[in-house]
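Numbering (the working numbering), first residue to last: 2 to 333. For glycine and all other residues, C-beta sits at the position ideal for the given N, C-alpha and C. For clarity, every value in this text was computed on a predicted model and none was experimentally measured.
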Amino acid sequence: MTDRRQFLQAGALAAGALALPRARAQGSNGARVVSTWDFGVGANQAAWAVLSGGGSALDAVEAGARWAESELCNPTVGRCGNPDRDGVLSLDASIMDGDGRCGSVAALTDILHPVSVARKVMENTPHVMLVGEGAQQFAVAQGFERQRLLTPAAEKAWRDWLKTAQYTREINVERRGRPGDSSNHDTLGMLAIDATGRLAGACTTSGMAWKLHGRVGDSPIIGAGLYVDNEVGGATASGVGEEMMRNAASFLVVELMRQGRSPAEACREAIARLVRKRPEASKTLQVCFLALDKHGQVGAYALHRGFVFAVCDKDRQDDLRDSASVYRSEQT
Ligand code: ASP
């Protein structure tokens with residue numbers, strides 16, 4: 002199994018100006034995939050195996066998310082995720098094609114690949130979202146195997162947490178190269194453009210560690226944690242999902258791009274709105290946006306420093322970049 006820190010790139014660029022030159026961004030076939038956080042490097046590589054062979058953006062983001070769900074072992078995504086306050090590991094995921102088709106699952110338990118269940122919801126049902134027990138029943142009916150996912154390490158972390166049962170939502174700072182990982186949240190959000198210019202995106206997460214049983218975050222909510230439109234581009238989010246849900250945030254980023262803003266400008270404006278609406282809360286929460294437009298330009302912005310994102314195309318497969326942010330200090 003692969004640990005996220007294996008993907009830390011010592012020479013990764015600090016990308017203050019996050020929009021890449023368009024000519025370079027296009028590459029020879031124009032395909033590109035971008036993902037949140039350092040584990041996005043591994044997810045991008047799985048997606049690139051699809052894109053570089055001429056595969057679709059939709060297949061690529063599903064492959065990338067599947068990699069994170071089963072091959073990455075970290076406390077915030079997939080099988081190694083931390084559970085809720087009742088010790089239950091529940092997973093949220095979504096997938097969206099640039100043509101407007103989408104599917105998602107929330108509070109799904111005991112199924113290894115929620116992103117693939119989300120795709121089945123999109124392709125095999127008239128619905129967009131299935132939750133909880135119904136989502137699991139659907140998954141089993143579609144041929145997914147039920148399996149216990151909670152790892153001994155996650156169970157131990159939960160039992161340790163129960164000693165104080167203090168619920169805080171930590172802000173990730175200085176993630177790179179850090180020996181431990183104190184984060185209690187972080188989502189894989191991916192956006193891809195394929196050689197034909199079609200876009201797609203996917204999100205997968207175990208959500209906030211120690212959340213209330215039944216809590217659903219932004220990641221499976223189309224328009225909050227993910228939104229993609231072939232006419233414009235796509236956006237995805239990580240951080241405290243309640244903020245993205247309050248603001249239909251990924252949809253907002255895409256709509257700002259539609260109005261002419263670059264991906265970086267759109268992400269920055271979406272973050273600025275959060276700050277204007279909840280200035281005090283914004284100092285204690287992390288929210289991060291990542292966007293990719295239909296030309297392959299990428300941009301990001303976060304409330305707090307520490308957000309990194311991975312970019313992969315024909316010229317680079319392991320490029321990890323720092324996002325700009327509003328606040329520079331750990332807890333402002
Ligand atoms: N957005 C996720 C949630 O609220 C967690 C994260 O990405 O940090 O469930």
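Residue i vs residue j beta-carbon contact at 8 Å
| i | j | result |
| --- | --- | --- |
| residue 118 | residue 129 | no |
| residue 50 | residue 34 | no |
| residue 32 | residue 301 | no |
| residue 163 | residue 41 | no |
| residue 254 | residue 275 | no |
| residue 191 | residue 202 | yes |
| residue 283 | residue 303 | no |
| residue 271 | residue 257 | yes |
| residue 310 | residue 36 | yes |
| residue 154 | residue 133 | no |
| residue 98 | residue 73 | no |
| residue 238 | residue 83 | no |
| residue 116 | residue 170 | no |
| residue 222 | residue 246 | yes |
| residue 112 | residue 138 | no |
| residue 299 | residue 264 | yes |
| residue 286 | residue 242 | no |
| residue 194 | residue 43 | no |
| residue 290 | residue 250 | yes |
Integer Cβ distance of residue i from residue j, believed to fall under 8 Å
| i | j | result |
| --- | --- | --- |
| residue 228 | residue 235 | 7 Å |
| residue 295 | residue 198 | 7 Å |
| residue 220 | residue 93 | 5 Å |
| residue 152 | residue 81 | 5 Å |
| residue 69 | residue 78 | 5 Å |
| residue 104 | residue 86 | About 28 Å; that fails the 8 Å criterion. |
| residue 149 | residue 141 | Wrong, their Cβ atoms sit about 14 Å apart, outside the cutoff. |
| residue 88 | residue 156 | 7 Å |
| residue 106 | residue 90 | No, residue 106 and residue 90 are not in contact; Cβ-Cβ is about 14 Å, not under 8 Å. |
Counted within 10 angstroms of its Cβ, other Cβ atoms place residue i as buried (16 or more) or exposed
| i | result |
| --- | --- |
| residue 110 | buried |
| residue 46 | buried |
| residue 232 | exposed |
| residue 114 | buried |
| residue 305 | buried |
| residue 269 | buried |
| residue 273 | exposed |
| residue 75 | buried |
| residue 212 | buried |
| residue 225 | buried |
| residue 183 | Because the pLDDT of residue 183 is 45, which lies under 50, any placement of that residue in the model is unreliable, and the number read from its coordinates should be weighed accordingly. Flag for residue 183 reads exposed. |
| residue 61 | buried |
| residue 206 | buried |
| residue 1 | For the chain, the structure presents residues 2 to 333; residue 1 sits outside this window and is missing. |
| residue 326 | buried |
| residue 166 | exposed |
| residue 160 | exposed |
| residue 261 | exposed |
| residue 124 | exposed |
| residue 322 | buried |
| residue 22 | Model confidence at residue 22 stands at a pLDDT of 37, short of 50, so the residue's coordinates are unreliable; what they give is reported in the following sentence. Residue 22 should be labelled exposed. |
Closer than 7 Å: residue i CB and nearest ligand 1 heavy atom
| i | result |
| --- | --- |
| residue 320 | no |
| residue 188 | yes |
| residue 219 | yes |
| residue 369 | With the chain covering 2 to 333 only, the question about residue 369 has no answer from this structure. |
| residue 237 | no |
| residue 206 | yes |
| residue 41 | no |
| residue 101 | no |
| residue 85 | no |
| residue 241 | yes |
| residue 82 | no |
| residue 224 | no |
| residue 209 | yes |
| residue 60 | no |
| residue 316 | no |
| residue 230 | no |
| residue 98 | no |
| residue 93 | yes |
DSSP bridge partner residues for residue i (one or two, in chain order)
| i | result |
| --- | --- |
| residue 289 | 239, 303 |
| residue 234 | 230, 294 |
| residue 96 | 104, 203 |
| residue 322 | 310 |
| residue 193 | 34, 201 |
| residue 317 | 314 |
| residue 131 | 106 |
| residue 223 | 227 |
| residue 328 | 305 |
| residue 51 | DSSP output for residue 51 lists no bridge partner at all. |
| residue 334 | Given that the chain is displayed from residue 2 to residue 333, the structure contains no residue 334 and the question cannot be resolved. |
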